[in-house]
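*Asks:* In order, the protein sequence lines correspond to chains S and Z. Basically the numbering used here = 1-based index in the first sequence + 241. Basically the numbering used here = 1-based index in the second sequence + 241.
Protein chains: 2
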Amino acid sequence: MTEGGGDELLRVLAALASPHRLRVLAALAGGRNYVSRLARDLGISRALLQVHLRKLEAAGLVTSDLEFSEDGKALKFYEVVPFELTLTPQVVRDAAGSLTGPDDHDPDIRDHGPDIGKDNLS
Amino acid sequence: MTEGGGDELLRVLAALASPHRLRVLAALAGGRNYVSRLARDLGISRALLQVHLRKLEAAGLVTSDLEFSEDGKALKFYEVVPFELTLTPQVVRDAAGSLTGPDDHDPDIRDHGPDIGKDNLS
DNA sequence: AGTACCTGCTAACGTTTCTTTGCATGTGCA
DNA sequence: TGCACATGCAAAGAAACGTTAGCAGGTACT
């Protein structure tokens with residue numbers, strides 16, 4: 242297993258939460274393609290596309306495969322990994338348990354107290 | 242219908258793609274709760290929690306309900322809206338069609354051409 | 001040698017998002 | 001009147017993200 246925890250879910254959600262990446266994924270769902278061509282199809286720059294593809298790949302939503310065309314050109318093909326993810330409150334509940342989140346919050350409250358010493362209009 | 246398009250999906254995904262909001266949602270999945278108390282339970286500041294709750298609500302994942310406790314205090318209760326969202330390449334493909342995305346890209350390429358006039362080491 | 005494709009990378013900028021801090025408002029109770 | 005607890009909002013600094021521009025390398029065909 243790759244990891245399975247809530248962080249995985251988070252990575253997938255973050256990868257999906259972008260118009261560009263949604264479009265990229267949609268385009269690839271219509272068939273595999275290589276970077277330069279895909280960039281032209283979508284009308285975005287190659288550099289930009291690469292970044293997004295990397296994120297999609299990191300999330301495990303697409304796979305890359307370096308191939309060589311008959312005339313020797315190196316082409317990097319991407320294709321979608323068939324996935325099926327169902328989101329429900331319960332799923333979230335389970336996933337949230339194992340989160341290597343930003344803060345490993347300790348059990349103490351803060352919020353600087355509910356406004357003391359300040360009477361309004363006597 | 243609220244809107245149904247791909248933008249809706251995007252909003253939901255964006256709302257979910259955050260450790261904090263995932264935790265908030267998880268906490269609410271365990272039962273409804275009001276803001277201040279929830280903040281204490283989660284160990285985060287009230288202001289921060291409010292922001293995240295607003296986003297979750299905007300995405301339609303939770304609902305708020307202002308109530309008054311027996312002793313007259315105004316309590317804003319939040320609870321999860323039972324949802325069931327399934328993500329597959331095909332779903333993405335459909336959703337990507339109707340995207341009021343950041344750019345309404347015109348069909349022209351750019352990428353400043355593939356490096357011309359520049360011979361390295363003669 | 002020159003052009004046309006392909007790949008990859010990084011520095012830098014602009015923009016958005018996150019988070020804190022602080023103040024304003026209200027009720028109820030000693 | 002002072003404290004405890006509830007709500008709300010806005011400014012502002014910090015941190016993360018998205019995007020572009022530019023350079024690097026490669027093969028192949030004229």
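Think of the CB as a built atom: it goes at the ideal place given N, C-alpha and C, for glycine as much as any other residue. All values derive from a computational prediction rather than experimental measurement.
Are the beta-carbon atoms belonging to E325 of chain S and T304 of chain Z less than 8 Å from one another?
*Replies:* No; because the gap between Cβ atoms is not below 8 Å, this pair is not in contact.
*Asks:* Fully enclosed by the stretch 249 to 311 of chain S, which alpha helix (DSSP H) runs are 4 residues long or longer?
*Replies:* Listed in chain order, the complete alpha helix (DSSP H) runs (minimum 4 residues) inside the stretch 249 to 311 of chain S are 260 to 270, 276 to 283 and 287 to 299.
*Asks:* Listing by chain order, which chain S residues have their CB less than 8 Å from the CB of E325 of chain Z?
*Replies:* Ordered by position in chain S, the residues that pass the 8 Å Cβ test against E325 of chain Z are T327, L328 and T329.
*Asks:* Is there a C-beta anywhere in chain S that falls below 8 Å from the one on L340 of chain Z?
*Replies:* Taking Cβ atoms only, chain S reaches closer than 8 Å to L340 of chain Z, which makes this a yes.
*Asks:* For R287 of chain Z, collect the residues of the same chain with a Cβ closer than 8 Å to its Cβ; drop the 5 residues on either side in sequence, then sort them by chain order.
*Replies:* Hits under 8 Å: V276, S277 and A280.
*Asks:* By DSSP's criteria, L326 of chain S is part of a beta bridge. Which residues make up the other side?
*Replies:* Paired residue(s): Z:L328.
*Asks:* Please decide whether H346 of chain Z counts as near chain S, where near means a Cβ-Cβ distance under 8 Å.
*Replies:* Bear in mind that a pLDDT of 39 at H346 of chain Z, under 50, signals an unreliable position, so the number given afterwards is only what the model happens to contain. Yes, H346 of chain Z counts as interfacial toward chain S.
*Asks:* Give the range of the beta strand (DSSP E) segment to which E320 of chain S is assigned.
*Replies:* Per DSSP, E320 of chain S belongs to the beta strand (DSSP E) from A315 to V321.
*Asks:* How many Å lie between D352 of chain Z and K317 of chain S at the Cα?
*Replies:* With a pLDDT of 41 at D352 of chain Z, under the threshold of 50, the predicted position of this residue should be treated as unreliable, though the coordinate-derived value follows. Looking at the two C-alpha atoms, the distance is approximately 17 Å.
*Asks:* What would DSSP say about G338 of chain Z, mapped onto helix, strand or coil?
*Replies:* In the structure shown, G338 of chain Z sits in a helix (DSSP, three-state: H, G or I).
*Asks:* What residues from the stretch 300 to 326 of chain Z come within 7 Å of chain S, judged by C-beta to C-beta, listed N to C?
*Replies:* Listed by position along the chain: V321, P323, F324, E325 and L326.
*Asks:* Determine whether the Cβ of L279 of chain S lies closer than 8 Å to any Cβ atom of chain Z.
*Replies:* It does not: the Cβ of L279 of chain S has no partner Cβ on chain Z nearer than 8 Å.
*Asks:* Within the 8 Å Cβ cut-off, does V333 of chain Z reach chain S?
*Replies:* Yes - at least one Cβ of chain S is within 8 Å of the one on V333 of chain Z.
*Asks:* Would E320 of chain S pass as a contact of L269 of chain S if the rule is Cβ separation under 8 Å?
*Replies:* Yes.
*Asks:* Answer with yes or no whether the minimum CB distance from R264 of chain Z to chain S is below 8 Å.
*Replies:* Yes, because at least one Cβ of chain S sits closer than 8 Å to the Cβ of R264 of chain Z.
*Asks:* What separation, rounded to the nearest whole angstrom, lies between the Cα atoms of L266 of chain Z and V265 of chain S?
*Replies:* One C-alpha to the other measures close to 29 Å.
*Asks:* For S259 of chain S, count neighbouring C-beta atoms within 10 Å of its own C-beta (all shown protein chains included) and say buried if the count is 16 or more, exposed if not.
*Replies:* So S259 of chain S counts as buried.
*Asks:* Are L263 of chain Z and L340 of chain S touching if we call contact CB-CB under 8 Å?
*Replies:* Yes, the Cβ-Cβ distance between L263 of chain Z and L340 of chain S is below 8 Å.
*Asks:* Give the straight-line distance between the Cα atoms of G246 of chain Z and A315 of chain Z, rounded to the nearest whole angstrom.
*Replies:* Taking the straight line joining both Cα atoms gives about 36 Å.
*Asks:* Expressed to the nearest angstrom, what Euclidean distance is found between the alpha-carbon atoms of L297 of chain Z and E244 of chain S?
*Replies:* In a straight line, the C-alpha of L297 of chain Z is about 26 Å away from that of E244 of chain S.
*Asks:* Work out the CA separation of D282 of chain S and V332 of chain Z for me, nearest whole Å.
*Replies:* C-alpha separation (whole angstroms): 20 Å.
*Asks:* Compute the distance between the beta-carbons of L302 of chain Z and A256 of chain Z, then report whether it is under 8 Å.
*Replies:* Yes, Cβ-Cβ distance for L302 of chain Z and A256 of chain Z is below 8 Å.
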